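Here's the structure, in structure tokens; my notes come after.
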Amino acid sequence: MNVAGCDVGSLTAKAVILADRKIVSCSIQRATSRPEDSARNVMEEALAGASLSFKDINYTVATGYGRERIPFINDAVSEISCHGRGAQWLIPGVQMIIDIGGQDCKAIKLDRDGRVVKFATNDKCAAGTGRFLEVMAKLLGISLDDLGTLSSKARAPLDLAAACTIWAQTEVIHHLNNGMGLEDIAAGINQAMAKRVAMIVNGLGLERNVCITGGVAKNEGVVAYLEKLLGVKLKRPPKVDPQAIGALGAAILAHERMGGPQ
Amino acid sequence: MRKEYKEYQFDKMVQSIVHFGSLAKDGTDKECFGMFRYAPHFKEVFGTILGTGEPGVKLMKMVDKYLCDVLNASAQGKKVALCTFNFSPAVLKPLGVVPLVVEPLTTLGVMMWLRGMGEYLNYCCELGFTETSCSAQRGAMGAYLAGLGVKPDFVLCNSVGVCDTNATAFNFAAEYLDLPFYQLNALPLFADKRTIDYQHRDFRGLISFVEEQTGKKLDVGLMREVIHEIKKQDDLINEIQDLMQLKPSPVPGTYNVFMYSVKFIYGGYPEGTEVLESMLKHAKQNAAQGRAGTASGKEVARCFSVYVDHYSAQLRPWAWFDSKDISHVGSMMNGFWPDGAPVAKGELAEGIYKLDATNRDTMLDSLCDQMSRMPMVKQIRGPMDDPHQWLLETRGSIRTFKPDFCTYTGTIGCRNTWGAIKVLARDTEKMGLPTLILFGDAFDQRITSWESMRERIDEFLSIRGILK
Amino acid sequence: MLNEFHKIGKELFNNHLKQWKNAGKKVIGYNCGHVPEEVIASAGMLPYRVRGIGADSTSIADTYFGPVICSYPKCILQLAGEGKYNFLDGMIFSPGCDSIRRLDDCWRKAAEESHGVFPGYRFYLGIPHKVTDYSLEWFISEVRRFIASLSEHFGVTIGDKDLRVSIKEYNKSRTLLKKLDELRFQDNVPISGADATAVIIAANAMPRDAYNAALEKLIAKLKKSGSGLNGKKRLILGGSAHDDSDIVALIESSGVVVVGDTLCFGSRSYVDLIEEDGDPVTAIAKRYLTRNPCPRVFGSYKERLAYMRERVKDTKADAVILQNIRFCDMHGAENSLCERDLEAAGIPCLKIEREYGPMAEEGRIKMRVDAFVENLRA
Amino acid sequence: MIVAGCDIGSLTAKAVIMNEDGIVSQAVMRAGARPEESAQKIMETALEMAGLKMQALAYVMGTGYGRRQISFVQDVVSEIVCHGQAMHWLNPSIRMVIDVGGQDAKAIRVDEKGGVLQYVYNDKCASGTGRFLEVMAEALEVALENLGPLALESQDPISISNQCAVFAETEVVSLLNGGKAKPDIAGGLVRALAHRIAALAKSIGLETPIAMSGGVAKNQGVYAALEKVLGVQFNRPEGDPQINGALGAALLARAKLQRLNAEKG
Ligand SMILES: Nc1ncnc2c1ncn2[C@@H]1O[C@H](COP(=O)(O)OP(=O)(O)O)[C@@H](O)[C@H]1O
Ligand SMILES: Nc1ncnc2c1ncn2[C@@H]1O[C@H](COP(=O)(O)OP(=O)(O)O)[C@@H](O)[C@H]1O
Ligand code: SF4
Ligand code: SF4
Ligand code: SF4
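Chains as they are written, first to last, in this note's numbering: chain A, 1 to 262; chain B, 263 to 730; chain C, 731 to 1108; chain D, 1109 to 1373.
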């Protein structure tokens, strides 16, 4: 039995295909402005990766911002539930997920069965999101990858308000223009991000067994600093890209909807 | 909050730093400034404060003493009241209570620590404060909510009706720590009789509340002493403010901070009077020599802050103004309104309070009137163009202290003033005073660093032709 | 019929107001739920709570307000600046919170600089922030000052008899709204939260007799209608000022029904009646000062929590949405306390921060509500 | 006498070379992360276009965010002053300049000599800047240059409520998802920006004749929306509005040099 999960986020589209509970294909693409197109494209790529076609898929669950507009799906579930399901499948016993995507940051508390107990999101300000990092990287003229790695070389990280991208941007420009080192600024940006995320996590109540997902999980600087702030080691999901956990969770839900074994 | 932070008592840590600073000048100047090499983060603050000579040293010793009072309160069998900054501590002495004033502690934190109060600020948000609430309260409050300091016994609030975010913070703290709470409520009207009656009754309610908490009665003898001390302090402040009107102003800019520090933590206590005496002495010496209060003795321009000053950034704003030979002739935090206050003229004449030590009742009324004229409580309670309110007082201060320009700083929580500053600035501009609204946060450097603030001020001073 | 209520809520200068004005009568605006409508009504004028619906930018408001101000008063000022409130004959301000009280300063300045107009009459009504015997005494005298000012400016007399008449009229609305509530308490809810919101909001913008008549008819109809929203999860709303039925509809689109609230635009405006005997001014002052559990009355959180729990019980709600407008510290901080205590009592809560009505970001709200509702069902 | 003005903005670097008669050459480029390098590059480009060498410049005035990092200038001045000067040179009747660059927006009131009377920046937490339009153009998948023309096509601009660039982007994406027409979204974005700029202009008192400078002045959609919101006609001096900062700096350099020469002899 083949099932698929498709996550159309604000910045990227992700698809995961499961064949009898095994991940056979996973694909990540930049999203276009039309979620239906993004979904089709990413699904096609994932299907090609598994040498399958649309008709081979028995059930598809969609999630993410654009989920309701995708035509070929059987059900749509919110990304918070999907992330919970995906992470719990990969790391049994995980109690909390920190997901930092392009437009959102969420902390999700799970019970033993991977059900969501409570969640908190960053609804106040854009500064806790992946987009914040992208804007900043652009400003510094460096790649997203460099933003993560540069910060380990920092000596005196810049102290930035974790409150706002726009405000932070002005500050970054100011310091750039005053000759501050790129690594110190990069570290400051990552730290501001981590502080904001820590605030959301602590607000919800930190757990011991925590995993990090979403695109920003790939930024070592943010993750390292977040670990320091929270005082716990953050688990990275094994086997799949942290960005695809939502899609994976959707695929697992699809599998369950088909009555597949747990 | 990070683990490291949870390992230290916040107030104890502040006290030990202040204590160290207050001792620095006991040696020679060379020894003192030599010592700063080993305390790079505190160098600027201590340099700026101690650089003012005797008044600065006295201020440091006073703050040290105050912090010791707080730390030792329970050992001495005294109750501790968590207070808003604008809660005049005078009344607490005859009640045998030690005030734990949040805002000055935040200020000390942001002034002295390289990283400011960020961790404590964020901690409050973790507990549920909005991220846009007043940073002055969120600062030290975070430490007390986390239990990293002395444990307050009850909460006293004097910002109800003037600043919601402030009152909310204290209300939240009382609820969260499960402490008894008493609020003094300022009504939008100021001088009418029924409002004054209301305030007098509200104040008596405060006395009974505290008496109930401590199980002790108000000491009338001590109250008389406090009133005499307030009188002494007020006369000194009036004289300093008189001198501030001179051109050049012989009063160093930092004295503004000193003045309200005294009022907020030791108003009505001899510990504060000493500092004021020393300030007056020095200002008089400057005046006699025709010197400005700046380090160079020259004055090229005068600045008035229509609201609070800028505290974060290790007192660098004051040092910077000083280096530019700009006199800082006050902020709204200096409007205390004692009888004889130089600002209280014309349309503002009735804004003052009188001290009457005849009997218990007259004394309570006096203390109450003083309380309801604390900075902010008086000016921000009603529509800005109402009698005695923000616009009129700003106008009065401008007339009195003759600044060449005005600046505005608040916090991102000051909705009471952010809601009207653009309107106010239009009026001050109309009076011919260039007015600069700074988009920063007085207690949170991370919002806008001092360096970028300074650039804006610098640009303003040159473009608007204030510094040629 | 429901459409009519929705229309009234969405149009500032609705047909009822137009007719009222055409009859040569006056409309007086006010900015906060603590302002006693009965006083205005007893002067033969129509009390009208100003709102910010339909503002599609805040450019005029941003000229006067600073950047860190609640978008609710900003939207009101925007509309005022665009001249949309030119039908008002007077405006009553009260210091509800710091953002809303500065509407007074900003609006007057805007009018001075020719953005829109400011009504010919203004009164600033003080309201204590605490409930004590002396604060009630003060507020009684403040209401008398208000009555005197209104009478003097418009040359009318407001006698105790007039006050009693309008108290009765407004109490009647309250009683009817409470009846509507009872219908919403039923398992088979006959009216959606969005519709109920529209009905409640219309109370702020209609003459009493017309409103009471329409409401009576509606209730009769709802009582008869057998259909209802059975089997959905039941939610109630708490927190900041909220007057937008569209947001309620957005929430309900996640498959829930909103069955009640603790909002100042909502149940708080009608659950407590005014005493009909005794001195009417005292009765009015008592109701508006002591019977309106708003976080601006500090030190009384426990009472508000009790009110919330009572509502949860009456409405048989499954969960609570606690929302606050950005920069609203009072509701923001209190929502956190409330969340803590409700969850401890086993009532799930969703806390959201948002912008006021027209400025709200629907997608973001929807995403949160969806996830929350999925969990309620799980 | 050959002088230059060099404007290192938040997003772009600009240089103008002038002699007694007027502009000799001008250049605009995207600024890098290092202001000193951007300055060097843009100056070299402008010099090359004029067929000159650095040594030929008798006086260089720096301006813009990065002005303090430029190594080869004799003096620096705030861009606010420069915009006033440039506009005065282009059209002396102008009394108000709206400068919208990449990072901030300013309204400036000037006197009959181009001197600054009063000015105001955009509020911090707001997106009345060029950067906002860039992010949005990206979200709309149109070239920056085409955003303005696209907006002009709109019959019924959609209201974009979010003031935060990042959140507004989500909104734009969801509007696109909802099948809204690109011109109407573009129209809405431009109108949102115009509203914010209008607030700025009004806050120090609208004056006419009024003109716009900075990169955003190249966006015709913004002009149209602003004219509608403010109810005034904009003066549109010839030339590239984006170089006005550098132009003003060059004018000030020229004046300074003349004064120095006069003092010398
Ligand atoms: N290689 C990488 N290194 C660091 N950060 C990355 C990398 N790839 C993506 N990101 C971050 O992840 C974000 C996108 O996260 P994602 O979970 O895909 O968002 P969404 O689900 O909202 O589309 C980007 O904004 C970026 O900040
Ligand atoms: N060809 C163009 N068409 C429309 N807008 C443009 C064009 N070129 C630049 N812009 C706008 O100008 C902005 C940059 O303005 P500029 O004045 O150069 O900024 P700064 O001086 O801060 O570097 C860009 O963010 C963009 O919005
Ligand atoms: S503009 Fe800034 S403060 Fe405002 S929401 Fe966006 S990032 Fe946050
Ligand atoms: S006025 Fe401003 S600084 Fe003072 S307590 Fe209120 S928010 Fe804080
Ligand atoms: S929602 Fe909050 S901030 Fe806004 S007007 Fe109401 S109480 Fe004030």
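Cβ atoms here follow ideal geometry from the backbone N, Cα and C, with glycine treated the same way.
Predicted model only: the values in this text are computed from it and were never measured.
Any beta carbon from chain C within less than 8 Å of D/ASP1231's own beta carbon? Within the fourth sequence, the letter at position 123 stands for residue 1231 of chain D. Yes, D/ASP1231 lies at the interface with chain C (some Cβ there is under 8 Å from its Cβ).
Consult DSSP for C/GLY759 and reduce its assignment to one of helix, strand or coil. Within the third sequence, residue 759 of chain C is the residue found at index 29, counting from 1. C/GLY759 falls in the strand class under three-state DSSP.
Could you name the residues that DSSP lists as bridge partners for B/HIS590? Against the second sequence, residue 590 of chain B aligns to sequence position 328. Answer is B/CYS565, bridged to B/HIS590.
Along chain D, in chain order, which residues have C-beta atoms closer than 9 Å to that of B/ILE588? Here residue 588 of chain B corresponds to residue number 326 of the second sequence, with the count starting at 1. Those within 9 Å of B/ILE588 in chain D number zero; the least Cβ separation is about 18 Å.
Which two residues bound the contiguous alpha helix (DSSP H) that contains B/VAL524? For the purposes of this step, residue 524 of chain B is identified with residue 262 of the second sequence, where counting begins at 1. Start and end: 516-528.
Taking a cut of 7 Å between CB atoms, which residues from the segment 1148-1175 of chain D lie near chain A? TYR1173, GLY1174
Using only the heavy atoms of ligand 5, determine whether one of them is closer than 7 Å to the beta carbon of C/TYR802. Locating residue 802 of chain C in the third sequence gives position 72, where the first residue counts as 1. At least one heavy atom of ligand 5 is nearer than 7 Å to the Cβ of C/TYR802, so yes.
Would you say C/ALA1063 lies against chain B (beta-carbon separation less than 8 Å)? Here residue 1063 of chain C is taken as the residue at index 333 of the third sequence, counted from 1. With 8 Å as the cut-off, C/ALA1063 counts as an interface residue toward chain B.
So the candidates are D/SER1133, D/VAL1124, D/ALA1141; which of them puts its Cα closest to the Cα of A/ILE185? As a first step, residue 185 of chain A must be located in the first sequence, where it is residue number 185. Nearest of D/SER1133, D/VAL1124, D/ALA1141 to A/ILE185, Cα basis: D/ALA1141.
To the nearest whole angstrom, what separates the beta carbons of D/VAL1185 and D/MET1195, a pair I think is in contact under 8 Å? Locating residue 1185 of chain D in the fourth sequence gives position 77, counting from the first residue. Locating residue 1195 of chain D in the fourth sequence gives position 87, counting from the first residue. With 8 Å as the limit, D/VAL1185 and D/MET1195 do not qualify as a contact, their Cβ atoms being about 15 Å apart.
Beta carbon of B/THR690 nearer than 8 Å to that of B/THR662: In the second sequence, counting from the first residue as 1, residue 690 of chain B sits at position 428. In the second sequence, counting from the first residue as 1, residue 662 of chain B sits at position 400. Contact: no.
Could you check the C-alpha separation between B/VAL639 and B/PRO361 for me, to the nearest Å? Residue 639 of chain B sits at position 377 when you count from the first residue of the second sequence. Residue 361 of chain B sits at position 99 when you count from the first residue of the second sequence. The straight-line gap from Cα to Cα measures roughly 18 Å.
What is the C-beta distance between B/ALA402 and B/TYR385, in whole angstroms, given that I count them as a contact (C-beta under 8 Å)? As a working mapping, residue 402 of chain B is identified with position 140 in the second sequence. As a working mapping, residue 385 of chain B is identified with position 123 in the second sequence. Between B/TYR385 and B/ALA402 the Cβ distance is about 11 Å, and since that is not below 8 Å, they are no contact.
DSSP state of C/VAL765, grouped into three classes? In the third sequence, the residue the question calls residue 765 of chain C occupies position 35. If DSSP states are grouped into helix, strand and coil, C/VAL765 belongs with coil.
Is DSSP giving D/MET1151 helix, strand or coil here? Walking along the fourth sequence from the start, residue 1151 of chain D turns up at place 43. D/MET1151: helix per DSSP, three-state reduction.
Comparing the C-beta of A/LEU229 with each C-beta of chain B, is any distance below 8 Å? Translated into positions along the first sequence, residue 229 of chain A becomes position 229. For A/LEU229, the answer is yes, since a Cβ of chain B falls inside 8 Å of its Cβ.
With burial defined as no fewer than 16 other Cβ atoms inside 10 Å of the residue's Cβ, what is the status of B/THR235: buried or exposed? One cannot answer for residue 235 of chain B here, as it falls past the ends of chain B, which runs 263 to 730.
Spatial neighbours of C/ARG832 within its chain, please: CB distance less than 8 Å, with the 5 preceding and 5 following residues excluded, ordered by chain position. Locating residue 832 of chain C in the third sequence gives position 102, where the first residue counts as 1. If we look at C/ARG832 and ignore the five residues flanking it on each side, its Cβ neighbours are PHE795, ILE799, PRO803.
How many angstroms separate the CA atom of D/VAL1280 from the CA atom of D/ARG1175? As a first step, residue 1280 of chain D is located in the fourth sequence; it is residue number 172 there, counting from the start. As a first step, residue 1175 of chain D is located in the fourth sequence; it is residue number 67 there, counting from the start. One C-alpha to the other measures close to 35 Å.
Residues bridged to D/CYS1114 (per DSSP): Taking the first residue of the fourth sequence as position 1, residue 1114 of chain D is located at position 6. According to DSSP, D/CYS1114 bridges with D/ALA1123, D/GLY1170.
Run through chain C and tell me which residues come within less than 7 Å of D/SER1311, C-beta to C-beta. Working through the fourth sequence from its first residue, we reach residue 1311 of chain D at position 203. Under the 7 Å cutoff, chain C gives THR793.
Could you check how far apart the C-beta atoms of D/ALA1406 and C/SER787 are, in whole angstroms? I think they sit under 8 Å. There is simply no residue 1406 of chain D to check, as chain D begins at 1109 and stops at 1373 in what is shown.
In the DSSP assignment, the beta strand (DSSP E) including B/ASN447 goes from what residue to what residue? Along the second sequence, read from residue 1 onward, the residue named residue 447 of chain B stands at position 185. Taken as a continuous stretch (DSSP letters only), the beta strand (DSSP E) holding B/ASN447 covers 443-447.
Residues of chain B with a CB under 7 Å from the CB of D/VAL1189: which are they? If you number the fourth sequence from 1, residue 1189 of chain D lands on position 81. Simply ILE725.
Enclosing alpha helix (DSSP H) for D/GLY1353 [first to last residue]: Here residue 1353 of chain D corresponds to residue number 245 of the fourth sequence, with the count starting at 1. Looking at the DSSP string, the run of the alpha helix (DSSP H) that includes D/GLY1353 is 1352-1372.
Would the beta-carbon of A/GLY5 fall within 8 Å of that of A/VAL61? For this step, residue 5 of chain A is matched to residue 5 along the first sequence. For this step, residue 61 of chain A is matched to residue 61 along the first sequence. Against a cut-off of 8 Å, the Cβ pair of A/VAL61 and A/GLY5 comes out as a contact.
What number of angstroms, rounded off, separates the C-alpha of B/LYS730 from the C-alpha of C/VAL757? Position 468 of the second sequence holds residue 730 of chain B. Position 27 of the third sequence holds residue 757 of chain C. Whole-angstrom Cα-Cα distance: 55 Å.
Skipping 5 residues on each side, what residues in its chain have a beta carbon closer than 7 Å to that of B/LYS494? Looking up residue 494 of chain B in the second sequence gives position 232. Cβ within range, chain order: THR535.
Identify which residue in B/TYR569, B/ASP706, B/TYR328 has its Cα closest to the Cα of B/VAL372. Indexing the second sequence from 1 puts residue 372 of chain B at position 110. Ranking B/TYR569, B/ASP706, B/TYR328 by Cα distance to B/VAL372 puts B/ASP706 first.
Give the residues from the segment 70-92 of chain A that approach chain C closer than 8 Å (Cβ to any Cβ), ordered along the chain. VAL77, SER78, GLU79, ILE80, SER81
Among B/ASP415, B/THR516, B/GLY483, which has the Cα closest to the Cα of B/GLU474? For the purposes of this step, residue 474 of chain B is taken as residue 212 along the second sequence, with counting starting at 1. Of the candidates B/ASP415, B/THR516, B/GLY483, the one whose C-alpha sits nearest the C-alpha of B/GLU474 is B/ASP415.
Name the chain A residues that come within less than 7 Å of C/ASN1105, Cβ to Cβ? One-based indexing of the third sequence puts residue 1105 of chain C at position 375. Within chain A, the residues near C/ASN1105 are VAL116.
Is there contact here, the segment 437-454 of chain B with the segment 1080-1098 of chain C, by at least three beta-carbon pairs under 8 Å? no
Report, in whole angstroms, the separation of the C-beta atoms of A/PRO71 and A/GLU45, which I expect to be a contact under 8 Å. By one-based count along the first sequence, residue 71 of chain A stands at place 71. By one-based count along the first sequence, residue 45 of chain A stands at place 45. Incorrect: roughly 18 Å between the Cβ atoms, too far for contact.
Buried or exposed by the 16-neighbour rule on C-beta atoms within 10 Å, applied to A/LYS195: Here residue 195 of chain A refers to the residue found at position 195 of the first sequence. The residue in question, A/LYS195, is buried, as its Cβ has 16 or more Cβ neighbours within 10 Å.
List, in order along the chain, the chain B residues whose C-beta lies closer than 9 Å to that of A/GLY203? Here residue 203 of chain A refers to the residue found at position 203 of the first sequence. Within chain B, the residues near A/GLY203 are CYS387, GLU388, LEU389, GLY390.
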